[in-house]
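Colleague: In order, the protein sequence lines correspond to chains D and A.
Heads up, the first sequence is in my numbering, so the first residue is 45 and it goes up one at a time.
Heads up, the second sequence is in my numbering, so the first residue is 49 and it goes up one at a time.
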Amino acid sequence: MRAIALLALLALGGPAWAENQDVCRTAEAQVGTSFALPHAAQSVANKRLNVLVVGAGSSALPGPEGVRKAYPARLQAALAAAMPDTVVTVASDVEPRRSAGQMVRVLPAALSKFKPQLVIWQIGTVDAMQGVDPDEFSQALEEGASITRAAGADLILVNAQYSPRTESMIALGAYADLMRRVASQQEMPLFDRFSVMKTWADLGIFDFYAKTKKLDTAEHVHDCIGRLLADLVLDSVKLGEPQPQSGR
Amino acid sequence: MEEKPTMAASDRDLRLDLFRGLALWLIFLDHIPSNAVSWITIRNYGFSDATEIFVFISGYTAAFVYGRAMRENGFIVASARVLKRAWQVYVAHVFLFAIYLAEISYVASSFDNPLYTEEMGVLDFLKNPDVTILQALLLKFKPVNMDVLPLYIVLLLFFPPMLWLLLRAPNLALVGSAVLYALAHALDWNLAAYPNGEWMFNPFAWQLLFTFGAWCALGGAARLSPWLNSPLVGGLSIGYLVFAFCIMMTWYFPRLGALVPHFLSDVLYPIDKTDLDVLRIMHFFALATVTLHFVPRGWSALKRPIFQPAIVCGQHSLAIFCMGVFLAFAGHFVFTEISNRLITHVAVSVIGIAAMVATAMVLSWYKAVERGPRPPSIKPGFAGGSS
Numbered sequence: 045m046r047a048i049a050l051l052a053l054l055a056l057g058g059p060a061w062a063e064n065q066d067v068c069r070t071a072e073a074q075v076g077t078s079f080a081l082p083h084a085a086q087s088v089a090n091k092r093l094n095v096l097v098v099g100a101g102s103s104a105l106p107g108p109e110g111v112r113k114a115y116p117a118r119l120q121a122a123l124a125a126a127m128p129d130t131v132v133t134v135a136s137d138v139e140p141r142r143s144a145g146q147m148v149r150v151l152p153a154a155l156s157k158f159k160p161q162l163v164i165w166q167i168g169t170v171d172a173m174q175g176v177d178p179d180e181f182s183q184a185l186e187e188g189a190s191i192t193r194a195a196g197a198d199l200i201l202v203n204a205q206y207s208p209r210t211e212s213m214i215a216l217g218a219y220a221d222l223m224r225r226v227a228s229q230q231e232m233p234l235f236d237r238f239s240v241m242k243t244w245a246d247l248g249i250f251d252f253y254a255k256t257k258k259l260d261t262a263e264h265v266h267d268c269i270g271r272l273l274a275d276l277v278l279d280s281v282k283l284g285e286p287q288p289q290s291g292r
Numbered sequence: 049m050e051e052k053p054t055m056a057a058s059d060r061d062l063r064l065d066l067f068r069g070l071a072l073w074l075i076f077l078d079h080i081p082s083n084a085v086s087w088i089t090i091r092n093y094g095f096s097d098a099t100e101i102f103v104f105i106s107g108y109t110a111a112f113v114y115g116r117a118m119r120e121n122g123f124i125v126a127s128a129r130v131l132k133r134a135w136q137v138y139v140a141h142v143f144l145f146a147i148y149l150a151e152i153s154y155v156a157s158s159f160d161n162p163l164y165t166e167e168m169g170v171l172d173f174l175k176n177p178d179v180t181i182l183q184a185l186l187l188k189f190k191p192v193n194m195d196v197l198p199l200y201i202v203l204l205l206f207f208p209p210m211l212w213l214l215l216r217a218p219n220l221a222l223v224g225s226a227v228l229y230a231l232a233h234a235l236d237w238n239l240a241a242y243p244n245g246e247w248m249f250n251p252f253a254w255q256l257l258f259t260f261g262a263w264c265a266l267g268g269a270a271r272l273s274p275w276l277n278s279p280l281v282g283g284l285s286i287g288y289l290v291f292a293f294c295i296m297m298t299w300y301f302p303r304l305g306a307l308v309p310h311f312l313s314d315v316l317y318p319i320d321k322t323d324l325d326v327l328r329i330m331h332f333f334a335l336a337t338v339t340l341h342f343v344p345r346g347w348s349a350l351k352r353p354i355f356q357p358a359i360v361c362g363q364h365s366l367a368i369f370c371m372g373v374f375l376a377f378a379g380h381f382v383f384t385e386i387s388n389r390l391i392t393h394v395a396v397s398v399i400g401i402a403a404m405v406a407t408a409m410v411l412s413w414y415k416a417v418e419r420g421p422r423p424p425s426i427k428p429g430f431a432g433g434s435s
């Protein structure tokens, strides 16, 4: 399926994107589906948006610059640039090696501490690595969604990274499918990080096979993810704009 | 049920070999991570995949072969042969695990990338090989794509009593198998896996398909055939296949998902592979019904050369399955170390299947040579059919 889509993409826009400076946008079509974010939209209408990123290891980068270069900070920068008259904060609760079940347990505390209107929840990698029971995994997802809604916030899911080197060791597919299903059933947006990164790899934009200690590619990838994620947030916020106030 | 189960004609039904061979090819294509060619495989167009075909046909052939042995030589001899087969499968599994360890260890020593600090955690088990290897030998630690053989081993271990019952009261055996399936669903029975979780293929659930295959081999297929040939069942099958196809399309084009009514998606999902969801079984039945309509028994075209590559693979299923798992590792290695272009994907897929066919042909040749001038009794048990 994806191969066909890719061929079509190559045929249609081959040279155009190669020239384009903004390589992130080559994977725009893979970002995911927008669903309305009523709480976030209400808050943006009041010129304020608190975002909380809850995630595991792949939401962070190592090194002294790690926090500033990882995608939560890049998301904040992109959102602030797109909504100059809105005060945007992005807090993050990120710790490596946490499964969905573990994150659900810390979610209430994090929600009451940061009081976000939008939660971005990155999951899937650790559960796939540990082979967590698929039923348990989707239950954790549904539980997280209802806890977040009860706290007056919207939720966006972010799935695993595309990691070709470890593909024969981590079966991400089943968990990615489950996330897609829960997201569309609960009508919440899913940022399809896996497909986005896969598309970049297929187009030769980033080399995810590379063996390196340098951070430049990793930082570039996180910057791109932050910006594409910001696009998804903005699209979804627009869908959920409160009706009476949309007199523009 | 007084009548003796009618055994099919002594010559092997080539359709079994053909479809098992095709299933082995599909499993190979699906096992190579992010293989572009795998979009052709049936799992993308319906609920069931090649695993169902493989398990069903394995049950069918097991009953065909060991059923005759049990009737001719008694329970003890037939059971001993089944257990010997289980041992061969176990040895094959351990062999594949050794190859897997080699690949993993290579990746662990050669891979470093700050983007993937989390993912590299999967290699942590190499830090305590004592536990890991022991758990693998106990069939509890099963790396990605190495779940089918452990399932097969467990199915074979419990096959002798099931076969005994199938030969005496086939319908009772089938009902018993269905009850076990239902109990496993209701009470969440499954075997534990290491380091956590449960078996990817729940033997308590998957035994149903294996037993159903065995039941078909022992005369069930003949009893079913009036049903299978009825236009009503044919129509329902085609309708169900189309329905499954449409649902699958909503996975690839999420925008279509909005067209699926809520109550329907609540009923449908999750379509569970671990516990062999009813939707998957039904899909397999529908697929089998439609396929058997177009490929009747004794279809003369089965003798044509074009089908021989798949048939010969199906005749050496254990060896070719293992070969497929190994080739999938090797294919992934080519993608990571040499080239990941579309043309490489096609080349790896084609060469892999060609290697499977060539191996199967060599094995057939061996078999013919060994059967040749000497009486078969000279061969001692162990060195025999192991891969």
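Backbone N, C-alpha and C define an ideal beta-carbon position, used for all residues, glycine too.
Bear in mind that the values here come from a model prediction, so they are computed numbers and not experimental data.
Between the alpha carbons of Arg-271/D and Arg-69/D, how many angstroms are there, rounded?
Modeller: Near 9 Å, if we compare the C-alpha coordinates of Arg-69/D and Arg-271/D.
Colleague: Can you name the start and end residues of the beta strand (DSSP E) that Arg-68/A belongs to?
Modeller: No beta strand (DSSP E) holds Arg-68/A; the alpha helix (DSSP H) holding it covers 62–79.
Colleague: Using the beta-carbon of each residue, which ones in chain A are nearer than 8 Å to Gln-174/D?
Modeller: The contacting residues are Pro-243, Asn-244, Gly-245.
Colleague: Identify every residue that forms a DSSP beta bridge with Gln-166/D.
Modeller: DSSP, once it has assigned bridges, lists Val-202/D as partnering Gln-166/D.
Colleague: Provide the residue span of the beta strand (DSSP E) that contains Gly-99/D, from first to last.
Modeller: From DSSP, the beta strand (DSSP E) with Gly-99/D extends over 92–99.
Colleague: Excluding the 5 residues preceding and the 5 following Tyr-70/A in the sequence, name in chain order all residues of the same chain whose CB lies nearer than 7 Å to its CB.
Modeller: This sequence places Leu at residue 70/A; Tyr is not what is there. Taken in chain order, the residues that qualify are Ala-358.
Colleague: Alpha carbon to alpha carbon, what distance is there between Leu-185/D and Lys-175/A?
Modeller: Each residue's alpha carbon lies about 31 Å from the other.
Colleague: For a test of the three-state rule: what should DSSP assign to Asn-64/D, helix, strand or coil?
Modeller: With a pLDDT of 42 at Asn-64/D, under the threshold of 50, the modelled position of that residue is not reliable, and no figure is offered here.
Colleague: Would you kindly work out how many angstroms separate the C-alpha atoms of Ile-368/A and Leu-273/D, rounded to a whole number?
Modeller: Distance between the alpha carbons of Ile-368/A and Leu-273/D: 45 Å.
Colleague: What does the alpha-carbon distance come out to for the pair Arg-60/A and Asn-277/A?
Modeller: Spanning the two alpha carbons is a distance of roughly 22 Å.
Colleague: Does the Cβ of Phe-95/A have 16 or more other Cβ atoms within 10 Å, making it buried, or fewer, making it exposed?
Modeller: That one is buried.
Colleague: Which two residues bound the contiguous alpha helix (DSSP H) that contains Val-223/A?
Modeller: 218–235 is the span of the alpha helix (DSSP H), which, as asked, contains Val-223/A.
Colleague: Would you say Pro-116/D reaches chain A, if we count a Cβ-Cβ gap shorter than 7 Å as a contact?
Modeller: Answer no: the Cβ-Cβ gap between Pro-116/D and chain A never drops below 7 Å.
Colleague: To the nearest angstrom, report how far apart Thr-392/A and Asn-92/A are at their CA atoms.
Modeller: Cα to Cα, the separation comes out at about 21 Å.
Colleague: Could you check where the alpha helix (DSSP H) with Gly-137/D kicks off and where it finishes?
Modeller: A small fix is needed here, since residue 137/D is Asp in this sequence, not Gly. From DSSP, Asp-137/D is part of no alpha helix (DSSP H) but of the beta strand (DSSP E) over 131–138.
Colleague: Is the Cβ of Ala-135/D closer than 7 Å to any Cβ of chain A?
Modeller: Output row for Ala-135/D: interface = no.
Colleague: Hey, quick one: how far does the alpha helix (DSSP H) through Cys-264/A stretch, first residue to last?
Modeller: From DSSP, Cys-264/A is part of no alpha helix (DSSP H); its letter is neither H nor E.
Colleague: Which class does Ala-240/A belong to by DSSP, given the choice of helix, strand or coil?
Modeller: Note: Ala-240/A maps to strand in three-state DSSP.
Colleague: For Leu-201/D, decide whether its Cβ has a neighbour in chain A, counting only Cβ atoms nearer than 7 Å.
Modeller: Answer no: the Cβ-Cβ gap between Leu-201/D and chain A never drops below 7 Å.
Colleague: Can you list the residues of chain A that Gly-188/D reaches, using a CB-CB cut of under 9 Å?
Modeller: Within 9 Å Cβ-Cβ: nothing; Gly-188/D doesn't reach chain A, min ~17 Å.
Colleague: May I ask you to report which of helix, strand or coil DSSP gives Phe-235/D?
Modeller: Strand, per DSSP.
Colleague: Tell me which same chain residues have a C-beta within less than 6 Å of the C-beta of Leu-187/A, skipping the five on either side of it?
Modeller: Around Leu-187/A: Pro-198.
Colleague: Which same chain residues, not among the five before or five after Ser-182/D, have their C-beta less than 8 Å away from its C-beta?
Modeller: The answer, listed in chain order, is Leu-222, Arg-225, Val-226.
Colleague: Counting Cβ pairs, one atom from each stretch, are 3 or more of them under 8 Å apart for the segment 311–322 of chain A and the segment 198–212 of chain D?
Modeller: At 8 Å Cβ cutoff, the stretches do not touch.
Colleague: Using a beta-carbon distance cut-off of less than 9 Å, what residues from the segment 142–165 of chain A approach chain D?
Modeller: Listed in sequence order: Tyr-148, Glu-151, Ile-152, Val-155, Ser-158, Phe-159, Asp-160, Asn-161, Pro-162, Leu-163, Tyr-164, Thr-165.
Colleague: What do you get for Arg-63/A, buried or exposed, if any count of 16 or more other CB atoms within 10 angstroms of its CB means buried?
Modeller: Result: buried.
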